[in-house]
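Encoded as structure tokens, the structure appears first; notes follow it.
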Amino acid sequence: MSDLDRFFATCLFEIDNCSDLSSIDAVRMAIFGKNGKITEIMKSLKNMTPREKREFGEKINNIKEKVRARLQEKTRTLELDDMEKKLSSEFVDVFMPARPYSPGLVHPLSKTEEEISGVLASYGFRFADGPEIESEYMNFTALNMPDHHPARTMHDTFYMKIPADKDGCKLLRTHTSPVQVRAMLQHKPPLRFFSIGRVFRNDYDATHTPMFSQIEGLMVDIDVGFAHLKWFMSDILKQFFAIPNLALRFRTSFFPFTEPSVEVDINYEIKNGKVVFGTGDKWMEIGGAGVVHPTVLEHGNVDAAKYQGIAFGFGLERLATLKYGVPDLRGYFESDDRWRKSFGFSFFA
Ligand code: DAH
């Protein structure tokens with residue numbers, strides 16, 4: 259028996275003797291692995307004449323093919339054995355009830371966002387976005403609050419430890435109003451944009467959280483003015499709350515980026531201990547609004563001699579709280595399952 263014949267016989271013997279998948283793997287490595295027997299055998303080729311090489315090569319290839327086939331066959335048999343063993347030893351109870359599965363609920367903020375977006379979209383407003391890490395320029399300067407303007411102290415700002423560039427330092431935006439400027443820089447008037455997003459202020463108690471959300475709207479056109487703003491505020495709030503008789507009150511106020519500026523209130527009364535909107539003579543503040551200051555239009559590359567703008571900004575949590583009676587602002591951000599179950603909405607509602 260030649261060395262090769264002996265090698266072939268040994269391979270088959272070892273394969274046939276394997277009783278599980280890990281031992282067949284070990285045998286495979288010992289034969290075909292990088293430091294396996296085949297590699298060893300191939301080393302002897304270098305001392306042979308070309309003719310011997312050809313004969314030897316043919317033979318070894320033949321052997322390799324047969325050994326591979328045997329390995330494959332044995333592996334398959336062992337795999338089947340393995341499955342057979344599992345099937346007879348493991349037990350599947352097909353009558354076991356399924357685990358309870360919760361498809362989740364829609365967060366009241368998502369619901370509010372969707373509803374108010376729908377109302378604004380129906381007036382031709384399109385969504386615009388801006389970064390939460392904003393430049394000092396966009397958050398303040400472009401909105402008519404230059405470097406030492408006292409209005410900057412109205413916001414308790416989180417400044418970032420990022421080196422300042424030509425737009426000043428970086429900060430967590432304190433309101434969504436910078437998106438107004440971004441939208442104007444990107445699109446030519448006439449335009450109607452709204453934005454919804456997170457804003458950040460260094461404030462924390464039952465009615466203030468360091469992070470909350472705002473909805474911002476901007477309309478720029480040749481002949482829009484304060485009268486449009488009043489009508490528009492009233493119309494979108496009536497639709498959002500689904501209360502046709504909702505009354506609005508506009509209180510003069512001050513924002514550096516609007517002139518004139520107002521704060522918008524809606525009417526309510528308390529009936530049986532519950533807040534009811536659209537009746538009564540009590541007033542609740544809902545947000546700020548105004549006619550866009552010409553300086554802001556100019557920072558947005560809009561010709562202030564030709565165009566006017568109207569804008570508004572509401573707190574999204576506040577809208578949700580009023581519409582759905584959510585009590586504490588902090589609940590919105592605490593991911594408490596009980597809160598979620600009380601105030602969440604079904605996907606199919
Ligand atoms: N940015 C203001 C704030 O955070 C809210 C606001 C007031 C936005 C008047 C406006 C506006 O667009 O016109 O307090």
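If you want the numbering used here, it's the position in the sequence shown, counting the first as 1, plus 258. Heads up, the beta-carbon is just placed ideally off N, CA and C, and yes, glycines get one too.
- For Val364 against Gly602, the beta-carbon gap comes to about 6 Å, under 8 Å, which counts as contact.
- In the DSSP annotation of this structure, the continuous segment of the alpha helix (DSSP H) that includes Lys369 starts and ends at Pro366 to Ser380.
- Per DSSP, the beta bridge partners of Leu449 are Val478.
- Pairwise C-beta distances place the region 564–574 in contact with the region 426–443, as three or more of them are shorter than 8 Å.
- For Arg410, same chain residues with a beta-carbon under 8 Å away, outside a window of 5 residues either side, are Phe398 and Met403 in chain order.
- Collapsing the DSSP output to three states places Leu270 in a helix.
- For Phe601, no beta strand (DSSP E) run applies; the uninterrupted alpha helix (DSSP H) run containing it begins and ends at Asp595 to Phe601, by DSSP.
- The beta carbon of Val534 lies closer than 8 Å to those of Tyr526, Glu527 and Ile528 in the same chain, with the five residues before and after it left out.
- Between the alpha carbons of Leu580 and Glu390 lies a gap of roughly 26 Å.
- If you check the C-beta of Thr516 against the ligand DAH, you find a heavy atom less than 7 Å away.
- Taking a C-beta distance under 8 Å as the contact criterion, Glu373 and Phe498 qualify as a contact pair.
- In this structure, Lys564 sits near Ile480, with a CB-CB distance shorter than 8 Å.
- Of the candidates Ile473, Glu517, Val522 and Met477, Val522 places its Cα closest to the Cα of Ser492.
- For Thr537, same chain residues with a beta-carbon under 6 Å away, outside a window of 5 residues either side, are Glu527 in chain order.
- In terms of Cα proximity to Trp541, the closest of Ser511, Leu555, Pro518 and Leu506 is Leu506.
- In this structure, DSSP gives Pro518 an extended state, which the three-state scheme calls strand.
- Excluding the 5 residues flanking it on each side, Phe353 has no same chain C-beta neighbour closer than 8 Å.
- Leu430 sits in a strand when the DSSP states are folded into three classes.
- Judged by DSSP in its simplified three-state form, Asp425 adopts coil rather than helix or strand.
- By a beta-carbon distance limit of 8 Å, Thr465 contacts Leu587. Their separation comes to about 6 Å.
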